[in-house]
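Residue numbering for the sequence shown follows this note's numbering, beginning at -14 and increasing consecutively.
Cβ atoms here follow ideal geometry from the backbone N, Cα and C, with glycine treated the same way.
Presented below is the structure to which this report refers.
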Amino acid sequence: LRAVVDLKALGERQVVLDCDVIQADGGTRTAAITGAWVAMASAFDYLRAEGVMKTDPILDQVAAVSCGVCSDQPVLDLDYEEDSSAEADSNFVLTGSGTIVEIQATGEKRGFTRGEFNRLFELAEIGCGELFALQRAALGR
């Protein structure tokens, strides 16, 4: 989450976000990242409302999704079964403005082509776009 926080605006504060994903069918790491951003934004909203912080240190949204190649087809948001049997899988962490925070991709049963990777990235952009809207809705923005 550091990539989307203005550390100077944050000041001498430490933010600890401990995420337990209560219900998921795969993608717990990506769910934790996406939810942690909402928790952080909510905490900063509270601190600003209480007068503890003057400005919002959040520069952008961040969300994460898993994508993979299953039976030679690109798949967004792998469930447990898909993740276990995927030829390749990846996690994409993207910002609301379209920049990349992190990409982790692994050929599990075979390598994957640049074309397959590009399609996974396109799916990740679509999935994160949906998550950004859900994040804003959760915060009433």
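1) Check each candidate in ALA73, ILE18, LEU(-5) and MET38 and name the one with the smallest Cα separation from ARG104.
2) Measure the alpha-carbon distance for GLN120 versus ALA48 and round it to whole angstroms.
3) Answer yes or no: do PHE97 and VAL50 have a C-beta to C-beta separation smaller than 9 Å?
4) Under 6 Å Cβ to Cβ from ARG90, same chain only, skipping five residues before and after it: list those, please.
5) What does the alpha-carbon distance come out to for the pair ARG126 and ALA17?
6) Tell me whether SER70, by its Cβ, gets closer than 8 Å to a heavy atom of the ligand SAM.
7) Please list, in chain order, all residues of the same chain as ILE7 whose beta carbon is under 8 Å from its beta carbon, the five residues on each side excluded.
8) How is VAL60 classed by DSSP in three states: helix, strand or coil?
9) State the start and end residues of the unbroken alpha helix (DSSP H) segment that holds CYS55.
10) How would you call GLN(-1), buried or exposed, if buried means at least 16 neighbouring beta carbons within 10 angstroms?
11) Would you tell me roughly how many angstroms separate the C-alpha atoms of GLY83 and GLU93, rounded to the nearest one?
12) Report the option in LYS(-7), LEU(-8) and ALA28 whose CA atom is closest to the CA atom of LEU2.
Reading it off the structure:
1) The shortest CA-to-CA distance from ARG104 to any of ALA73, ILE18, LEU(-5) and MET38 is the one to ALA73.
2) The alpha-carbon separation between GLN120 and ALA48 amounts to approximately 9 Å.
3) Taking 9 Å as the Cβ cut-off, PHE97 and VAL50 do not qualify as a contacting pair.
4) For the record, residue 90 in the displayed sequence is Ala; it is not Arg. Cβ neighbours of ALA90 within its own chain (closer than 6 Å, five residues either side excluded): SER75.
5) ARG126 and ALA17: Cα-Cα distance of roughly 21 Å.
6) The model on display carries no ligand, and the ligand SAM is accordingly not part of it.
7) Contacts found: none.
8) Three-state DSSP puts VAL60 in a strand.
9) Segment 47 to 55 is the beta strand (DSSP E) holding CYS55; no alpha helix (DSSP H) there.
10) Exposure of GLN(-1) is indicated by the presence of fewer than 16 other C-beta atoms within 10 angstroms of its C-beta.
11) Those two C-alpha atoms are separated by around 27 Å.
12) Of the candidates LYS(-7), LEU(-8) and ALA28, the one whose C-alpha sits nearest the C-alpha of LEU2 is ALA28.
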